[in-house]
């Protein structure tokens, strides 16, 4: 199956700092990647849709200036949490869509656990 | 917009069967099923498209009733490895980006 990696797998930072999370599709090109946030024992909440070469589209209620997304190439998307605060602590997961059709499979990365002190 | 999953949780003995349901109030084009184990990323199980198809992988199968906007996941002769939280992700006919809205999940515990 398709492989998606995320780096780092976990990060602990101080309040006010910025953290960058990378999402890579290792064996396929992903025109579209998605960023999710998951709280303990809860579902996956879509934050934004990232398209290669264009601006990301954010879901309602997600601050685009706080969660900066850059989809620099067909295999890499990054999420930067700017001026992180304790309430931003969460499990962030990306997925990459294999294929260009909207209904193609999405494969998830292993996730990044962010803890803001 | 999030689909509704039921039941919230189910406990099975090895070898027993279970059904997990996923329903939406919106017109669906696709339903994606994933299984997530604690602390890990969701793992893709299968995707069903509009057209009322059924699919299966070993002893896990699923159906999609587009008229009812419902999908069901069938765990047959469950194995210990089936334990985890199952999520359905739904794709709307009105969305061209392929965004998925996920249900709250169904926790499955398979005991020896």
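Protein chains in written order, with the numbering used here: chain A, 1 to 117; chain B, 1 to 112.
No residue lacks a Cβ here, since even glycine has one placed at the ideal position from N, Cα and C.
CA-CA distance, residue 65 of chain A to residue 35 of chain A, rounds to 15 Å. Of the other Cβ atoms in all chains shown, 16 or more fall within 10 Å of the Cβ of residue 49 of chain A; this residue is therefore buried. When the five nearest sequence neighbours on each side are left out, the beta carbons in the same chain lying within less than 6 Å of the beta carbon of residue 12 of chain B are those of 18, 78 and 110, in order along the chain.
Nearest to residue 44 of chain B by C-alpha distance, out of B:57, B:8 and B:28, is B:57.
In this structure, the beta-carbon distance from residue 82 of chain B to residue 61 of chain B does not fall below 8 Å.
With respect to the 8 Å criterion, residue 98 of chain B and residue 103 of chain A are classified as neighbours on the basis of their beta carbons.
Within chain B, the C-beta atoms nearer than 9 Å to that of residue 46 of chain A come from 99, 100, 101 and 102, in chain order. Scanning A:11, A:32 and A:15 for the CA closest to the CA of residue 4 of chain A turns up A:32. Just so you know, the alpha carbons of residue 63 of chain B and residue 45 of chain A end up roughly 24 Å apart. Straight-line measurement puts the Cα of residue 10 of chain A at about 25 Å from the Cα of residue 61 of chain A. Under a criterion of Cβ atoms nearer than 9 Å, the residues of chain B adjacent to residue 103 of chain A are, in order, 29, 30, 32, 47, 49, 50, 91 and 98. Of the residues assessed, residue 27 of chain A falls on the exposed side of the cut-off, its CB having fewer than 16 other CB atoms within 10 angstroms. The residue among A:90, A:17, A:21 and A:56 with its C-alpha nearest the C-alpha of residue 39 of chain B is A:90. The count of Cβ pairs closer than 8 Å, one atom from the segment 97-116 of chain A and one from the segment 4-11 of chain B, stays below three, leaving the stretches out of contact.
In the three-state DSSP reduction, residue 34 of chain B falls in the strand class (E or B). Burial of residue 38 of chain A is indicated by the presence of at least 16 other C-beta atoms within 10 angstroms of its C-beta.
Look at residue 53 of chain A: its C-beta is not under 8 Å from any C-beta on chain B.
Residue 39 of chain A: not part of any beta strand (DSSP E); DSSP gives it neither H nor E.
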